[in-house]
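Right, one structure below, let's go through it.
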Amino acid sequence: MHWLNWVIVGLYLVFVVWDGLRRTKGTTNIEGYFLANRSLPWWAVGLSVMATQLSAVTLIGTTGQGATDGLRFVQFYFGLPIAMVILGVTLVPFLHGAKVYTAYEFLERRFDARTRTLTSLLFLLSRGMSCGAIISAPAVVLSAIFGWSLSACVALIGVPTVIYTVLGGVQAVTWADVKQMVVIVGTMAAIIVVLVLRMPVPLDDALALAGATGRLQVFDFSFSLSNQYTFWSGIIGGTFLMLSYFGTDQSQVQRYLTAKSVDEARSSLLMSAYWKIPLQAAILLVGVLVFLFYLFEPAPMLYNPTHDRAVQVAEPAVHAELTQRYDVAVAAREEAARTAALTRAGGDAQATSAALEAYRARDAAVGVVRAEALKAAGRVTGQSSRDVNYIIPRFVLDHLPLGFAGLFLAAVLAAAMSSIAAELNSLSTATVVDFYQRRVKADGSDAHYLSVSKWATALWGLFACGVATYAATLGSLIEVVNRFGSFFYGSILGVFLLAMIPRARAPGAFIGLLAGMTTVGLISWRVPSIAFLWHNVIGAVVVVAVGLIVSVGRARTLEGYAGPRA
Amino acid sequence: MSLRVRQTLVRVLTIQVITLGLLWLLQLRYAR
């Protein structure tokens, strides 16, 4: 990469850390450190909410998914605006009004200490591990592309983030998020402009080429419990998932607890309700445009350069044969694409249809050779050969004008850091408020808690970097934790829903939570074909149903018991 | 439902209808 690109990345890193250090104002107590003394404006909190959700995986993985699979993934987010509106009128006023530090603290006030402890512990377990995964995903890609060691890439992402999060607390996290969102959105917009300007055929005809391979098929109205990306799973399952994530996950709840008032907290969530689907569609569109770009430019057979080299070294004859077949298939596809675009411009509908059919066949032929190459990469390396995450980074490094690679790398770092910083900050909050202050030392001074909070943030940062460094060997463990996480996400939402029902009682909440988690665990084990988006719906419904039955049953028992005494 | 909530709902709905409408048109015009 050119030195100018490195200067851009260096300037970004220095700026983020320097700005974080500057934002230590008001962090002399834990309310300042964790909640910015509830003083932040809605737009900063709103951008922070969006930046926390948008991780590096979104930038490199979702764009890659757009290139291989098209726009249909956007359906996953259809429930988000609905969830934000529901949260705005239900949980947000409850949580903000209760003046709590963590969402789980609210559960102790409403129910009991064990429900708080269990939900907070589940949050710490899953978020601690997922924070490692959030660092690991971009670190693995950077390591393969630049040939650096994985630990160096983890350090590049993790160290600056830990520094500004430990020293600046939530103020540093939020204001860094604001700038990071600007870097991310600006970079994506610039890449879209460059891609459109460089398209060798008119955009209208190019989009027809994307449409012919199904990449512009956005809506799927079929009802299937096993298909993750349909309109209905997005609207129903997505609403429950987003309600769980934004309403009960401390890494998001803490963002809007820093807002000045309930109204400002509401407005900050609505920013996502307005902009998430357009933003996500634009990110997927980048991937579709990169797919179109590679129709007319030599596309790599394997986007992961390390895997490509590994196949070349271990099986040179196979690599040479595959490369030769791939080059022929790609050239044939390019010719077919140009012919189809020209024919379409000519306006003859029947000829256009035939030309698009021929192009589709050529595209499928390219896919066959690439599948064989991916299989060879998997065989040689013994790793997953899925290279979706490498498509956009390779395109940016190989084809964009000077400076763009640095800007893109800065955007990837920004996306990773904004999510990690928010998670470290919230992990530290839950550790200190829900466990240390609640169970270890209840009468400490503010200075003492502040110091413990900083140490907790640093230790969680160290833990996340450790998980990220050993992610390759911990792979199955992370998967287990993520699966485990999906068992209780909907169930925790169920507990919060119960909290808003006046008849619900503490035993009902706790037993309902256990019942919800067990049901989802059993379904995931016995009926694995059910897509995970539905797990959240099932978990929440079971918790509310069991919770209410237990609460009502217990109330009757108590009435029956208290009656004779009275 | 208060006026403020109704106004917000209308705004959220408007942006979603415009976005989904554009995606729908994209699909109608270009998808196979």
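Residue numbers (the working numbering), protein chains in the order written: chain A, 3 to 568; chain B, 349 to 380.
For every residue, glycine included, the Cβ atom is placed at its ideal position computed from N, Cα and C.
1) Thinking C-beta only, is Q256(A) closer than 9 angstroms to V172(A)?
2) Could you tell me whether the segment 456 to 466 of chain A touches the segment 488 to 495 of chain A, where touching means 3 or more Cβ pairs closer than 8 angstroms?
3) In its own chain, which residues sit with a C-beta less than 7 angstroms from the C-beta of V87(A), not counting the 5 before and 5 after it?
4) Beta carbons nearer than 8 angstroms to chain B: which residues of the segment 186 to 212 of chain A have them?
5) Can you tell me which of Q77(A), F512(A), R268(A) and T54(A) puts its alpha carbon nearest to the alpha carbon of Q282(A)?
6) Taking all protein chains shown into account, decide if G12(A) is buried (16 or more other Cβ within 10 angstroms of its Cβ) or exposed.
7) How would you call M2(A), buried or exposed, if buried means at least 16 neighbouring beta carbons within 10 angstroms?
8) Under the assumption that G289(A) contacts Q67(A) (Cβ atoms under 8 angstroms), give the Cβ distance between them as a whole number of angstroms.
9) Verify whether the separation of the beta carbon atoms of L429(A) and G130(A) is less than 9 angstroms.
10) Can you confirm whether the segment 314 to 323 of chain A touches the segment 223 to 242 of chain A when touching is taken to mean that 3 or more C-beta pairs between the two stretches lie within less than 8 angstroms?
11) Return helix, strand or coil for L297(A), following the three-state DSSP convention.
12) Compile a chain-ordered list of the residues in the segment 277 to 302 of chain A whose CB is closer than 7 angstroms to at least one CB of chain B.
13) Using CA atoms only, rank isn't needed, just tell me which of G549(A), L73(A) and L89(A) is closest to S269(A).
14) Counting only Cβ pairs nearer than 8 angstroms, list the residues of chain A close to V360(B).
15) Just mark S263(A) as buried or exposed, buried being the case when its beta carbon has 16 or more other beta carbons within 10 Å.
16) Determine the direct distance from the alpha carbon of A333(A) to that of A212(A), and round the result to whole angstroms.
17) Going by DSSP in three states, L42(A) sits in which element: helix, strand or coil?
18) Decide if G99(A) is buried, meaning its Cβ has at least 16 other Cβ atoms within 10 Å, or exposed.
19) Once you ignore the five residues that flank Y451(A) on each side, which residues in its own chain have a CB closer than 7 angstroms to its CB?
20) Relative to the C-alpha of S447(A), which candidate in N7(A), T30(A), A418(A) and Y14(A) has its C-alpha closest?
21) Report, in whole angstroms, the separation of the C-beta atoms of G22(A) and Y166(A), which I expect to be a contact under 8 angstroms.
22) If we ignore side chains and look at the alpha-carbon of each, how far apart do L297(A) and A69(A) end up?
23) What in chain B is Cβ-close to V220(A), meaning under 9 angstroms?
24) At 7 angstroms on the CB atoms, spell out the chain B contacts of L56(A), in chain order.
25) Name, in chain order, the residues that DSSP records as bridge partners for I261(A).
26) Verify whether the separation of the beta carbon atoms of V59(A) and I136(A) is less than 9 angstroms.
27) When the distance is taken between beta carbons, is V142(A) closer than 9 angstroms to L152(A)?
28) Does T2(A) come out as helix, strand or coil in the three-state DSSP assignment?
29) Check for me: the alpha helix (DSSP H) holding S428(A) runs from which residue to which?
30) Going by C-alpha distance, which of R528(A), V390(A) and A413(A) is nearest I193(A)?
31) 9 angstroms is my cut-off, CB to CB: does L351(B) come that close to chain A?
32) Count the C-beta pairs between the segment 539 to 548 of chain A and the segment 506 to 523 of chain A that are closer than 8 angstroms, then say yes if the count reaches three, no if not.
33) Which residue wins for smallest C-alpha separation from S553(A), given the options A261(A), L169(A) and F113(A)?
34) Inspect the CB distances between the segment 299 to 307 of chain A and the segment 321 to 340 of chain A and report whether three or more fall short of 8 angstroms.
35) Note down, in chain order, every chain A residue with its Cβ under 7 angstroms from the Cβ of Q364(B).
36) Counting only C-beta atoms, is Y563(A) closer than 9 angstroms to chain B at any point?
Quick answer:
1) Taking the first residue of the first sequence as position 1, residue 172(A) is located at position 170. Taking the first residue of the first sequence as position 1, residue 256(A) is located at position 254. Yes, they are a contact pair.
2) no
3) Stepping through the first sequence from its first residue, residue 87(A) is reached at position 85. Taken in chain order, the residues that qualify are A275.
4) L209, A210 and A212
5) Within the first sequence, the letter at position 280 stands for residue 282(A). If we check each option's Cα against that of Q282(A), Q77(A) comes out closest.
6) Within the first sequence, numbered from 1, the residue matching residue 12(A) stands at position 10. Answer is exposed; the Cβ neighbour count stays below 16.
7) Outside the shown range of chain A, which is 3 to 568, sits residue 2(A), and nothing can be said about it.
8) Residue 289(A) sits at position 287 when you count from the first residue of the first sequence. Residue 67(A) sits at position 65 when you count from the first residue of the first sequence. Yes, they are in contact, since the Cβ atoms of G289(A) and Q67(A) sit about 6 angstroms apart, within 8 angstroms.
9) Within the first sequence, the letter at position 427 stands for residue 429(A). Within the first sequence, the letter at position 128 stands for residue 130(A). Yes. Within cutoff.
10) no
11) Counting from 1 along the first sequence, the entry for residue 297(A) is found at position 295. It is coil, neither helix nor strand.
12) I279, P280 and A283
13) Here residue 269(A) refers to the residue found at position 267 when the first sequence is read from its first residue. When each option's Cα is compared against that of S269(A), the closest is L89(A).
14) Against the second sequence, residue 360(B) aligns to sequence position 12. Ordered by position in chain A, the residues that pass the 8 angstroms Cβ test against V360(B) are P83, M86, V87, L272, A275 and Y276.
15) Counting from one through the first sequence, the residue named residue 263(A) turns up at place 261. Exposed, since its Cβ has fewer than 16 Cβ neighbours within 10 Å.
16) Within the first sequence, residue 212(A) is the residue found at index 210, counting from 1. Within the first sequence, residue 333(A) is the residue found at index 331, counting from 1. Distance between the alpha carbons of A212(A) and A333(A) is about 17 angstroms.
17) Sequence index remark: in the first sequence, residue 42(A) carries index 40 (1-based). Correct three-state label for L42(A): strand.
18) Taking the first residue of the first sequence as position 1, residue 99(A) is located at position 97. That one is exposed.
19) As a position in the first sequence, residue 451(A) is number 449, starting the count at 1. Hits under 7 angstroms: I32, V434 and Q439.
20) Locating residue 447(A) in the first sequence gives position 445, where the first residue counts as 1. For the residues N7(A), T30(A), A418(A) and Y14(A), the minimum Cα distance to S447(A) belongs to T30(A).
21) On the first sequence, position 20 is the one that residue 22(A) refers to. On the first sequence, position 164 is the one that residue 166(A) refers to. Correct: roughly 3 angstroms between the Cβ atoms.
22) For this step, residue 297(A) is matched to residue 295 along the first sequence. For this step, residue 69(A) is matched to residue 67 along the first sequence. Approximately 11 angstroms between the Cα atoms of the pair.
23) As a working mapping, residue 220(A) is identified with position 218 in the first sequence. Per Cβ cutoff of 9 angstroms: L368, L371, W372, L374, Q375 and A379.
24) Here residue 56(A) refers to the residue found at position 54 of the first sequence. The premise fails here: L56(A) is roughly 17 angstroms from chain B at the closest Cβ pair, so nothing lies under 7 angstroms.
25) Here residue 261(A) is taken as the residue at index 259 of the first sequence, counted from 1. Going by the sequence as given, residue 261(A) is Ala instead of Ile. For A261(A), which the question treats as bridged, DSSP gives the partners L42(A).
26) Walking along the first sequence from the start, residue 59(A) turns up at place 57. Walking along the first sequence from the start, residue 136(A) turns up at place 134. Cβ distance < 9 angstroms, so V59(A) and I136(A) count as in contact.
27) In the first sequence, residue 152(A) corresponds to position 150, counting from 1. In the first sequence, residue 142(A) corresponds to position 140, counting from 1. The answer is yes: Cβ separation under 9 angstroms.
28) Because residue 2(A) is not part of the residues shown, which for chain A are 3 to 568, the question remains open.
29) Within the first sequence, residue 428(A) is the residue found at index 426, counting from 1. From DSSP, the alpha helix (DSSP H) with S428(A) extends over F406 to T431.
30) For the purposes of this step, residue 193(A) is taken as the residue at position 191 of the first sequence. Measuring from the Cα of I193(A), the nearest candidate turns out to be A413(A).
31) Within the second sequence, residue 351(B) is the residue found at index 3, counting from 1. Cβ-Cβ to chain A under 9 angstroms: no for L351(B).
32) yes
33) Numbered from its first residue, the first sequence carries residue 553(A) at position 551. It is F113(A).
34) yes
35) By one-based count along the second sequence, residue 364(B) stands at place 16. Under the 7 angstroms cutoff, chain A gives P83 and I279.
36) Here residue 563(A) corresponds to residue number 561 of the first sequence, with the count starting at 1. Confidence in Y563(A) is poor, its pLDDT being 45 and thus under 50, which makes the residue's placement unreliable; the coordinate value appears in the next sentence. Taking Cβ atoms only, chain B never reaches closer than 9 angstroms to Y563(A), which makes this a no.
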